[in-house]
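**Student:** Heads up: take any position in the sequence shown, counting from 1, add 9, and you land on the numbering used here.
Sending over a structure as structure tokens; questions will come in a sec.
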Amino acid sequence: MTPTTDTAIEVVQGDLSAYREGNTGVPYVHRFESGKPGPHVLINALTHGNEICGMVAAKHLLDTGVRPSIGTLTVSFAHVEAYDAFDAAKPFENRQIVHNLNRIWSDELLGGTEDSPELRRARELRPVVAAADHILDIHSTSQDVVPFWVYPDFSRNADAAAAIGLPSVHLVMPNGLGSGTPLIQHGAHAGADAPGAAMVAECGQHFKRATAEV
């Protein structure tokens with residue numbers, strides 16, 4: 010889709026400053042422990058600054074007091090710096106500031122000397138991602154498409170997506186992205202013996218209300 014100035018913005022861009030403090034020592038990261046044994050699930054939003062649906066979902070979880078009955082739930086807003094740069098007249102331009110935050114999760118880049126807002130944020134989030142058994146990374150697209158799953162070709166991911174049910178469309182990556190390392194393939198999550206599922210939910214077009222409702 011070619012960015013235009015007449016793109017309909019159906020979802021309100023909310024102020025996230027109230028969520029900055031969190032409770033983990035990492036800005037915009039909130040963790041809730043049940044006190045009972047169980048998996049650690051990470052719900053991540055705003056890997057890209059203009060993918061507003063994840064913000065809506067993460068705010069809903071926090072505002073309604075959703076808590077795990079077992080294990081641990083972590084909710085994170087990944088790239089608030091890009092999100093805060095949103096301009097309704099140029100709604101496609103705050104996806105990232107320098108790097109694509111969803112392509113820089115290799116140990117080489119995170120452990121290297123290169124610097125950018127995205128690399129700094131990924132380094133902050135690195136222990137958050139590493140601590141999770143299961144990851145749901147919430148995204149949207151520039152195109153007006155039906156929602157779909159994206160995940161590496163491991164049965165644990167297919168099983169989790171099938172158990173959740175929707176979306177019904179699955180995009181399986183047998184050989185990864187081929188253009189960098191995404192968050193869901195960072196560290197132990199890249200291997201066949203990873204602790205759990207790590208998936209992207211693509212919820213529809215960035216600015217549609219229906220996308221945020223997925």
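Idealized CB from N, CA, C, for every residue including glycine.
Can you check the stretch 57-131 for any beta strand (DSSP E) of at least 3 residues that lies completely inside it and give the ranges in chain order?
**Tutor:** Whole beta strand (DSSP E) segments, 3+ residues: 81-86.
**Student:** Output needed for Leu71: all residues of its chain with C-beta closer than 8 Å, excluding positions within five of it in sequence on either side, in chain order.
**Tutor:** For Leu71, where only same-chain residues beyond five positions count, the Cβ hits under 8 Å are Tyr28, His39 and Val84.
**Student:** Going by C-alpha to C-alpha distance, which of His57, Ala66 and Gly63 sits closest to Glu90?
**Tutor:** The shortest Cα separation from Glu90 among His57, Ala66 and Gly63 belongs to His57.
**Student:** Are three or more beta carbon pairs between the stretch 192-212 and the stretch 161-169 nearer than 8 Å?
**Tutor:** Counting Cβ pairs under 8 Å, three or more are found: they touch.
**Student:** Got a sec, what are the start and stop residues for the alpha helix (DSSP H) Arg218 sits in?
**Tutor:** Counting along the chain, the alpha helix (DSSP H) containing Arg218 begins and ends at Arg218 to Glu222.
**Student:** Tell me whether the stretch 96-116 and the stretch 63-82 touch, counting them as touching only if at least three CB pairs, one residue from each stretch, are closer than 8 Å.
**Tutor:** Taking 8 Å as the limit for Cβ pairs, the verdict is that the stretch 63-82 does not touch the stretch 96-116.
**Student:** Assuming Pro191 contacts Asn111 (C-beta within less than 8 Å), just tell me the rounded distance between them.
**Tutor:** That pair is a contact at about 5 Å.
**Student:** Enumerated in chain order, which unbroken segments of the beta strand (DSSP E) with a length of 3 residues or greater are wholly contained in the stretch 140-178?
**Tutor:** Complete beta strand (DSSP E) runs here, min 3: 143-150 and 157-161.
**Student:** Does DSSP put Gln214 in a helix, in a strand, or in coil?
**Tutor:** Three-state result, Gln214: strand.
**Student:** Taking the alpha-carbon positions, what's the Asp202 to Gly47 distance?
**Tutor:** Going from the Cα of Asp202 to the Cα of Gly47 covers about 18 Å.
**Student:** From Glu60 to His215, what distance separates their C-alpha atoms?
**Tutor:** About 5 Å.
**Student:** For Ala87, which residues from the same chain have a beta carbon less than 7 Å from its beta carbon, with the 5 sequence-adjacent residues on both sides left out?
**Tutor:** So the qualifying residues of the chain are Asn53, Ala54, Leu55, Thr56, Leu110, Arg130 and Leu134.
**Student:** Are Val50 and His143 touching if we call contact CB-CB under 7 Å?
**Tutor:** A contact, by the Cβ cut-off of 7 Å.
**Student:** If you run the structure through DSSP and keep just helix, strand and coil, what is Ile18?
**Tutor:** Note: Ile18 maps to coil in three-state DSSP.
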